[in-house]
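Below is one structure, written out as structure tokens; comments come after it.
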Amino acid sequence: SVIKIKTLFSLTNIIPLCTKMAKPIGSTPIFSLFVMFSLLYSGSSQTIPNERKTWCIANPLASNSALAANIEYICSQLDCGSINPKGPCFEPNSRMHHASFAMNLYYQANGRHLADCNFINSGLVSLIDPSYGNCSFHSGGGLADEEPSETWCVAKPGTSDELLQLNINFACNLVDCNATHSGGVCYYPATLINHASYAMNLYYQITGRKKSNCNFRETSLIVSSDPSYGNCSYPCFTVQ
1 SVIKIKTLFS LTNIIPLCTK MAKPIGSTPI FSLFVMFSLL YSGSSQTIPN
51 ERKTWCIANP LASNSALAAN IEYICSQLDC GSINPKGPCF EPNSRMHHAS
101 FAMNLYYQAN GRHLADCNFI NSGLVSLIDP SYGNCSFHSG GGLADEEPSE
151 TWCVAKPGTS DELLQLNINF ACNLVDCNAT HSGGVCYYPA TLINHASYAM
201 NLYYQITGRK KSNCNFRETS LIVSSDPSYG NCSYPCFTVQ
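Numbered per full-length UniProt numbering, the sequence shown spans residues 1 to 240.
Set out below in structure tokens:
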């Protein structure tokens, strides 16, 4: 049952980051049911190109003040016209989205080093293109540094609140989302994109970090930077 699945995967308080998890769990009937749910929901698989490109996006855990500071800093140096009113990337009109666009401009312009997408831990390197509609996030290539081996799943900046809530409902029926509830270590910032990202990542990690399990109907991104911040840890499991 769903209740059994949720109990089985209530691991956030007992498994540290990037813990090795044994593969045989995949042979259990409960896991098979879990995978069935994931296939029904995930939709078409997002692909990570062989000639890997990278982008920089804002961390869902970043505060509005940090995002505003990033926008001000970057747009004093680079052309941020695309996120101005009537620009192709103005909508959705949110700091998370605008900061992601600006941070990617800076990351690309400075050669795509990890340090160019840090912004005092408010940036993440994405392995999937955040572009949507007429809004294009440019990428000139892969990460200039050695690429980290671990990956996480986060919500795509610009995703509507309705879709974020659907992702939360889906994932939290299968994994333990208590950390994002009031009083939990990942409750703040109390935003849908933060809570959805935590739930989506836990689901992605539990199912073995398959690309198709960080799809959520193309409202998610696989990142190679750890989104954890302060006391909020985003789990990372290595499946043997």
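Backbone N, C-alpha and C fix where the C-beta goes; we use that ideal spot for every residue, glycine too.
Computed from a predicted model, the values in this text were never measured in an experiment.
Boundaries (first-last residue) of the beta strand (DSSP E) holding residue i
i, result
"residue 153", "152-155"
"residue 58", "55-58"
"residue 221", "220-223"
"residue 166", "Element bounds for residue 166: not the beta strand (DSSP E) but the alpha helix (DSSP H), 161-172."
"residue 126", "123-126"
Backbone CA spacing between residue i and residue j [nearest angstrom]
i, j, result
"residue 210", "residue 224", "14 Å"
"residue 180", "residue 170", "15 Å"
"residue 58", "residue 155", "10 Å"
"residue 237", "residue 208", "8 Å"
"residue 230", "residue 119", "15 Å"
"residue 227", "residue 197", "9 Å"
"residue 157", "residue 132", "10 Å"
"residue 116", "residue 212", "28 Å"
"residue 202", "residue 65", "27 Å"
"residue 78", "residue 71", "10 Å"
"residue 113", "residue 149", "16 Å"
"residue 204", "residue 86", "36 Å"
Distance CB(residue i)-CB(residue j) smaller than 8 Å
i, j, result
"residue 221", "residue 193", "no"
"residue 241", "residue 137", "This structure leaves residue 241 out entirely; the chain is present only between 1 and 240."
"residue 82", "residue 88", "yes"
"residue 251", "residue 126", "Given a span of 1 to 240 for the chain in the structure shown, any question on residue 251 remains unanswerable."
"residue 56", "residue 123", "yes"
"residue 152", "residue 73", "no"
Where the alpha helix (DSSP H) through residue i begins and ends
i, result
"residue 206", "192-206"
"residue 241", "Since the first residue of the chain shown is 1 and the last is 240, residue 241 is not available in this structure."
"residue 68", "64-75"
Same chain, Cβ closer than 7 Å to residue i, five either side skipped, listed in chain order
i, result
"residue 178", "184"
"residue 61", "189, 194, 227, 229 and 232"
"residue 68", "95"
Beta-carbon contacts of residue i that lie in its chain and below 8 Å, excluding the five residues immediately before and after
i, result
"residue 111", "144"
"residue 219", "155, 156, 159, 163, 164 and 167"
Nonlocal neighbours in the same chain, by C-beta distance under 6 Å from residue i, ignoring five residues either side
i, result
"residue 80", "102"
"residue 108", "138 and 140"
"residue 161", "192"
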